[in-house]
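Peer 1: Residue numbers (our numbering): 5 to 423.
Dropping the structure in here first, questions after.
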C-alpha cells in the first residue's frame, strides 16, 4: 500500500472511531431494563392449618434456566388468615423493601427481595392511627409509598377511609381523611389510586371489599401534601349498573388525563384534573351481564389490558383516542380461568395474570404485541408437574414446607438471574 493509501486508511479508521464514540449513549442516560428473571407472588395459605403460613413465593421465569417455571424460594411470615391481597405492582428500587398487605388483618409486610433466591420478611408497615384495612400501594418519584385506607374509625358517620404516606422503611409520614363535608356521612371506601407528578395530583376510587353499598365517587388530591381537593360522583345511569363501584384508575401517557374502570366494566375518562372543574365522562361499557368483575388492569402504551373475571377473558382496549376506546383483542382461558390481577415486565413483552378460582389457583403469562394489541399465551410457561398452562398453586409442598394449596393475589416481575 502506498503512503497516501496508508494515510487515507488511518484517517477513515480514526473517523469511524470518532463517529462511533460520538453516537454512544450518554453515560448518564437510563439503560433499558433487562427481562425479569423472577415473579414475586404474595400468597395466602388456603386451609389455614396450625403451623402453616402465608408467604411470598418466587418463581423462576428465565426460559434459559434449569429451574424455569419452578417455585424456587418462599418467605413465610409466620401467620395464616387475614387475606393476603395487594402488593406493589412494580419492583421497588434497589435496597428498598416491597410492600404487601393482608387486607382483613389490617396489616402490611415488608419484603427484602435483593437476593431473589433468599427473600425475607423484614418487618411490618406502621399502623395508621384512626384508620384501618390498607388496600392499594403506589410508590412515587420521591421514594415514598402511598396507601389507600378503606376505613376510618367507627365514631365518624360512614367510616370514610383515607390516604396515607409511608417512608420506604414503612414508617408512617402522614395521613389525610377521605371525609368530605359536601358528602357528609358518605361511606367512601378509598380503594385504588394513581398519581401524576406532572400535575401534582392523586386520583383515588371508592369501592368495597364486601357487599356493602358504598359511595360511587372518585377523589382528587394534591400529591405533594395529600390535601384532598375534590370529591366527584360517578354519574348515575338508570339503564345499567356499569357506573357502580369505581374500581381501578390509571393516568394515561400525557400524565394529565386518567381513565377509570368500574367493577361492572364501565370506563370513564377523567380530564381537567389540574383545574378548578375536573370532569368525568363515560366513554365505554363492556357488554353486560357477561363482562362484569373488571379487575386490576395494566396500561402499555395506548393499550388498556383488562382482566375480566366473570367473562374468563382478558380484554385489550385501544385507548389512543381515550374518548373512543375500542376492543382490539381478547385472550380467553379455560373454564377455571378467573383473571383478576395484571402486571407487566418492563424489560420484555410479558404480562402476568393471577387466576383466583378457589379450586384451581394459578399464575399465567402472556405475550403482548404492542404494535397490534394482541395478547397470546406464553405456551412455554406451563406447570412442571401437570403440563397445564400456567404454574399451579394447588400443591402439597413448598420450599418452606408441606403446607398445601395457596392462593396468589398480588404478583410482579423483578430481579435478574443469580448465576
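Glycine included, each C-beta is placed from N, C-alpha and C at the ideal position.
This one's a predicted model, so the numbers in the text were calculated from it and none came from an experiment.
1. Ignore the nearest five residues each way along the sequence and tell me which others in residue 2's own chain have a CB closer than 7 angstroms to its CB.
2. So who's on the other strand from residue 396, going by DSSP bridges?
3. Go to residue 105, then tell me how far its beta strand (DSSP E) extends in each direction, as first and last residue.
4. Taking all protein chains shown into account, decide if residue 411 is buried (16 or more other Cβ within 10 angstroms of its Cβ) or exposed.
5. Leaving out five residues before and five after residue 56 in sequence, what residues of the same chain have Cβ atoms less than 6 angstroms from its Cβ?
6. Only counting the same chain, and skipping five residues up and downstream in sequence, which positions put a Cβ closer than 7 angstroms to that of residue 423?
7. Buried or exposed: where does residue 390 fall if 16 or more other Cβ atoms within 10 Å of its Cβ makes it buried?
8. Taking residue 193 and residue 224 to be in contact with their CB atoms under 8 angstroms, please state how far apart those CB atoms are, rounded to whole angstroms.
9. Checking 9 angstroms against the spacing of the C-beta atoms, do residue 115 and residue 125 come in under that value?
10. Pull up the distance between the alpha-carbon of residue 159 and that of residue 135, whole angstroms please.
11. Going by alpha carbons, who is nearest to residue 218 out of 199, 200, 251, 226?
12. Rounded to the nearest angstrom, how far is the Cβ of residue 62 from that of residue 44, given a contact under 8 angstroms?
13. Would the beta-carbon of residue 87 fall within 9 angstroms of that of residue 109?
14. Give me, in chain order, the residues of the same chain whose beta-carbon lies closer than 8 angstroms to that of residue 161; leave out the 5 immediate sequence neighbours on both sides.
15. Just how far apart, CA to CA, sit residue 2 and residue 404?
16. Is residue 172 helix, strand or coil by DSSP?
17. Shortest alpha-carbon distance to residue 170 belongs to which of 229, 215, 216?
18. Closest by CA to residue 374, which one among 418, 400, 309?
19. Are there 16 or more other CB atoms within 10 angstroms of the CB of residue 339, so buried, or fewer, so exposed?
20. My assumption, with CB atoms under 8 angstroms, is that residue 301 sits in contact with residue 254. Please give the rounded CB distance.
21. Applying the criterion that 16 or more other CB atoms from any shown protein chain within 10 Å of the CB defines a buried residue, is residue 283 buried or exposed?
22. How far does the beta strand (DSSP E) with residue 383 in it extend, from its first residue to its last?
23. Let me confirm a value: residue 60 is counted as buried when at least 16 other C-beta atoms fall within 10 Å, else exposed. Which label applies?
24. Hey, how far is the Cα of residue 313 from the Cα of residue 91?
25. Does the distance from the CB of residue 415 to the CB of residue 367 come in under 9 angstroms?
26. By Cβ distance below 6 angstroms, which residues in the same chain neighbour residue 149 in space, the five residues on each side in sequence not counted?
Peer 2: For this structure:
1. Here the chain covers residues 5 to 423 and nothing more, so residue 2 does not appear.
2. In the chain shown, residue 396 corresponds to position 392, counting from 1. According to DSSP, which records beta bridges pairwise, residue 396 is partnered with 366.
3. Within the chain shown, numbered from 1, the residue matching residue 105 stands at position 101. 102-106 is the extent of the beta strand (DSSP E) around residue 105.
4. Stepping through the chain shown from its first residue, residue 411 is reached at position 407. Buried, since its Cβ has 16 or more Cβ neighbours within 10 Å.
5. Here residue 56 corresponds to residue number 52 of the chain shown, with the count starting at 1. Closer than 6 angstroms at the Cβ level, and outside the excluded window around residue 56, lie 49, 84, 407.
6. The residue given as residue 423 occupies position 419 in the chain shown. Note that residue 423 scores 43 on pLDDT, short of 50, meaning its location in the model is unreliable; the coordinates nonetheless yield the value given after this. Result list for residue 423: empty, nothing under 7 angstroms.
7. Taking the first residue of the chain shown as 1, we reach residue 390 at position 386. Exposed is the call here.
8. Walking along the chain shown from the start, residue 193 turns up at place 189. Walking along the chain shown from the start, residue 224 turns up at place 220. That pair is no contact at about 17 angstroms.
9. In the chain shown, the residue the question calls residue 115 occupies position 111. In the chain shown, the residue the question calls residue 125 occupies position 121. Taking 9 angstroms as the Cβ cut-off, residue 115 and residue 125 qualify as a contacting pair.
10. Here residue 159 refers to the residue found at position 155 when the chain shown is read from its first residue. Here residue 135 refers to the residue found at position 131 when the chain shown is read from its first residue. Cα to Cα, the separation comes out at about 11 angstroms.
11. On the chain shown, residue 218 is found 214 positions in, with the first residue counted as 1. For the residues 199, 200, 251, 226, the minimum Cα distance to residue 218 belongs to 251.
12. The residue you call residue 62 lines up with position 58 of the chain shown. The residue you call residue 44 lines up with position 40 of the chain shown. With 8 angstroms as the limit, residue 62 and residue 44 qualify as a contact, their Cβ atoms being about 6 angstroms apart.
13. As a first step, residue 87 is located in the chain shown; it is residue number 83 there, counting from the start. As a first step, residue 109 is located in the chain shown; it is residue number 105 there, counting from the start. Closer than 9 angstroms, so yes.
14. Along the chain shown, one-based indexing puts residue 161 at 157. Hits under 8 angstroms: 188, 189.
15. Coverage of the chain is limited to positions 5 through 423, which leaves residue 2 absent and any answer about it impossible.
16. Counting from 1 along the chain shown, the entry for residue 172 is found at position 168. Of the three classes helix, strand and coil, the one that applies to residue 172 here is coil, per DSSP.
17. Along the chain shown, read from residue 1 onward, the residue named residue 170 stands at position 166. The shortest Cα separation from residue 170 among 229, 215, 216 belongs to 229.
18. In the chain shown, residue 374 corresponds to position 370, counting from 1. Taking only the C-alpha atoms, the option nearest residue 374 is 309.
19. Counted from its first residue, the chain shown places residue 339 at position 335. Residue 339 comes out exposed.
20. The residue given as residue 301 occupies position 297 in the chain shown. The residue given as residue 254 occupies position 250 in the chain shown. So it is a contact: roughly 7 angstroms between Cβ atoms.
21. Taking the first residue of the chain shown as 1, we reach residue 283 at position 279. Residue 283 should be labelled exposed.
22. Here the question's residue 383 lines up with position 379 in the chain shown. Note, residue 383: premise wrong, no beta strand (DSSP E); not H, not E.
23. Here the question's residue 60 lines up with position 56 in the chain shown. It is buried - the Cβ of residue 60 has at least 16 other Cβ atoms within 10 Å.
24. For the purposes of this step, residue 313 is identified with residue 309 of the chain shown, where counting begins at 1. For the purposes of this step, residue 91 is identified with residue 87 of the chain shown, where counting begins at 1. About 19 angstroms.
25. For this step, residue 415 is matched to residue 411 along the chain shown. For this step, residue 367 is matched to residue 363 along the chain shown. For residue 415 and residue 367, yes; Cβs fall inside 9 angstroms.
26. Numbered from 1 along the chain shown, position 145 holds the residue referred to as residue 149. If we look at residue 149 and ignore the five residues flanking it on each side, its Cβ neighbours are 103, 141, 143, 170.
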